[in-house]
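Here is the structure we will look at.
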Amino acid sequence: VVPSLDPVVTHPDFKNQQLNLLAPSLDRVVINTAFGSVLTAVGDAAVAFQPLVASSVKQLWQLDSSHLLQSTGATNKCVDAYEAQNGGTVRLWDCSATDVNQLWMYDDTTKQLRHKTHVGYCLDIGSPTGEAPHLWTCLPTTHADVKNQVFVF
């Protein structure tokens with residue numbers, strides 16, 4: 001038997017030469033930089049910003065190529081914003097690539113999570129305690145309250 005770096009080779013003589021190739025995790029924590037709060041799935045219908053809990057899957061998210069912001073901890077639930085207005089509800093809803101209320105993009109320059117359908121609206125923490133995140137007009141980076149919309153993802 002010839003030694004191999006192929007991860008599918010499982011010959012017992014070459015255990016120390018086997019590799020386990022893992023796909024990189026797409027899970028991310030969404031942190032509001034001003035208040036240090038983390039986007040959290042609360043049950044199967046709500047979101048809030050709460051203190052970081054290191055082992056909580058309810059605080060892990062994936063922003064996939066179809067622009068869905070999906071919860072890792074709430075099965076098949078995505079961040080959904082159906083009211084295109086200041087204070088518009090942000091909630092969890094069953095994920096659907098065809099649901100235009102669930103389309104988000106992260107702006108690397110401004111650090112805002114912008115709604116793709118409700119153009120000009122961003123995810124906003126709502127308050128320093130973060131219990132009621134909502135949509136709000138995307139603020140310019142020079143605005144005093146932009147801190148409510150700045151996230152590290």
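Okay, so the sequence shown: first residue is 1 according to full-length UniProt numbering, each after it adds one. Built from N, CA and C at the ideal position, the CB exists for glycine as well.
Between Cys78 and Gln70, the C-beta spacing is below 9 Å. Listed in chain order, the beta strand (DSSP E) runs fully inside the stretch 89-117 are 90-94, 104-107 and 112-115, counting runs of at least 3 residues. When the five nearest sequence neighbours on each side are left out, the beta carbons in the same chain lying within less than 8 Å of the beta carbon of Pro133 are those of Leu39, Val47, Ala48, Phe49, Val90, Leu123, Asp124, Ile125 and Gly126, in order along the chain.
Residue Asn32 holds the alpha-carbon nearest to the alpha-carbon of Leu113 among Ser37, Asn32 and Leu26. Taking His118 as reference, the option from Leu103, Gly130, Asp108 and Leu60 with the minimal CA-CA separation is Leu103. In this structure, DSSP gives Gln70 an extended state, which the three-state scheme calls strand. Per DSSP, the continuous beta strand (DSSP E) segment holding His134 begins and ends at His134 to Thr137. Following the DSSP letters along the chain, one finds Val38 inside the beta strand (DSSP E) bounded by residues Val38 to Val42. In terms of CA proximity to Val150, Thr109 leads the group Gly88, Thr109 and Val57. Within the DSSP bridge table, the entry for Gln62 names Gln70 as partners.
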